[in-house]
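Below is one structure, written out as structure tokens, with a few remarks after it.
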Amino acid sequence: MERLQKILAQAGVASRRKCEELILAGKVEVNGEVVTALGTKADPANDVIKVSGKPISGENKIYIIFNKPKGVITSASDPKGRKIVTDYMKGIKERVYPIGRLDYDTEGLLLLTNDGEFANLLTHPKHHVPKTYLATVKGVPHGTSLDKLKEGVKLEDGMTAPAEVEYKDINEDGKESVISITIHEGRNRQVRRMFEAISHPVIRLKRISFGDLLLQNLKRGTYRHLTKEEIESLRQMAKAGLSKGNNTRKDT
Numbered sequence: 001m002e003r004l005q006k007i008l009a010q011a012g013v014a015s016r017r018k019c020e021e022l023i024l025a026g027k028v029e030v031n032g033e034v035v036t037a038l039g040t041k042a043d044p045a046n047d048v049i050k051v052s053g054k055p056i057s058g059e060n061k062i063y064i065i066f067n068k069p070k071g072v073i074t075s076a077s078d079p080k081g082r083k084i085v086t087d088y089m090k091g092i093k094e095r096v097y098p099i100g101r102l103d104y105d106t107e108g109l110l111l112l113t114n115d116g117e118f119a120n121l122l123t124h125p126k127h128h129v130p131k132t133y134l135a136t137v138k139g140v141p142h143g144t145s146l147d148k149l150k151e152g153v154k155l156e157d158g159m160t161a162p163a164e165v166e167y168k169d170i171n172e173d174g175k176e177s178v179i180s181i182t183i184h185e186g187r188n189r190q191v192r193r194m195f196e197a198i199s200h201p202v203i204r205l206k207r208i209s210f211g212d213l214l215l216q217n218l219k220r221g222t223y224r225h226l227t228k229e230e231i232e233s234l235r236q237m238a239k240a241g242l243s244k245g246n247n248t249r250k251d252t
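If you read the sequence shown in UniProt numbering, its first letter stands for residue 1, the second for the next number, and so on.
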């Protein structure tokens, strides 16, 4: 979160002082609401910011898929000096932000952009964009345990929406198993808490898809730009509120 006038200045709207004048004059909107307080903060990755009715656009719009390694912070900065996802964005001149989050100990598919409207579209709860993870868990959950995940489990912040789950691999000694789980929400550490709720804590967690976008063979710690077709597919999926590949994806 940053002060609104700083965001506007970085987007090339005007000098910071002039941006302050625009805010005081009621020319700036955040998510459809006029803002006139200079102390207002916003998140350019998730908030839709407009000046005189037009979205800010000082930079080229960038859309990136990144294979986040374990032990990296999903943030544009970290006061503790830990490695952050933008440290891997070498060659990207524009300032990009993560869309949603992956835990410090979780790896896999992460999207980054400088398009706040796009980010807000993909993360808004009502759009239910599916996200699929491979979870290596302790033990082998019985079918009845997986049924609980399919129906929704009760967490401290309420019931989860139904998930799609299936076995992917089971160690011969039965000490670990790999479960594919697709969720349609974005709560903090949700997948880990869901498996803890059925007494099979997560050992390793990797996100392999976001909507119909697959991680595939992207190497850990590397990124690529999304194609126009991929961007439009994600946009349309979020607007539709469902995944056209939800019932057909077999490679997760």
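All C-beta atoms, glycine included, are put in the ideal place defined by N, C-alpha and C.
Legend entry - Extent of the continuous alpha helix (DSSP H) run through Lys-6: 4-10
Inset, instruction - Inspect the beta-carbon positions of Ile-183 and Lys-131 and report whether they are closer than 8 Å. - result: yes
Inset, instruction - With DSSP as the reference, label Ile-62 as helix, strand or coil. - result: coil
Legend entry - Beta-bridge partners of Glu-107, as assigned by DSSP: Lys-206
Legend entry - Of the listed residues Ser-199, Tyr-88, Ala-14, nearest to Gly-139 (C-alpha basis): Ser-199
Legend entry - Buried versus exposed call for Gly-39 [16 or more other C-beta atoms within 10 Å across all chains shown]: exposed
Inset, instruction - Work out the CA separation of Leu-155 and Ala-161 for me, nearest whole Å. - result: The C-alpha of Leu-155 is placed about 11 Å away from the C-alpha of Ala-161.
Inset, instruction - Could you check which residue in Val-30, Lys-18, Pro-201 has the C-alpha nearest to that of Asn-120? - result: Val-30
Inset, instruction - Could you work out which residue in Thr-106, Ala-238, Thr-144 is closest to Thr-136 when comparing CA atoms only? - result: Of the listed residues, the one whose Cα sits closest to Thr-136 is Thr-106.
Legend entry - For Thr-248, the three-state DSSP class (helix, strand or coil): Because the pLDDT at Thr-248 is just 35, under 50, the model does not fix this residue reliably, and the point stays unresolved.
Legend entry - Reduced DSSP secondary structure (H/G/I, E/B, other) of Met-159: strand
Legend entry - For Thr-123, the first and last residue of its enclosing alpha helix (DSSP H): From DSSP, the alpha helix (DSSP H) with Thr-123 extends over 116-123.
Legend entry - Alpha-carbon to alpha-carbon, Asn-114 and Asn-60: 8 Å
Legend entry - Assigned secondary structure, Thr-222 (DSSP; H/G/I helix, E/B strand, else coil): In this structure, Thr-222 counts as coil in the three-state DSSP scheme.
Legend entry - Supposed close pair Glu-2, Ala-37 - CB separation, criterion 8 Å: The Cβ separation is near 14 Å, so there is no contact.
Legend entry - For Met-194 and Gly-211, believed in contact at Cβ under 8 Å, the rounded distance: No, Gly-211 and Met-194 are not in contact; Cβ-Cβ is about 20 Å, not under 8 Å.
Inset, instruction - Note down, one range per segment and in chain order, each beta strand (DSSP E) of at least 3 residues found wholly within the stretch 42-98. - result: 49-51, 63-68
Inset, instruction - Starting from Val-129, follow its DSSP beta bridges and name the residues at the other end. - result: BP columns for Val-129 are empty, so no partner.
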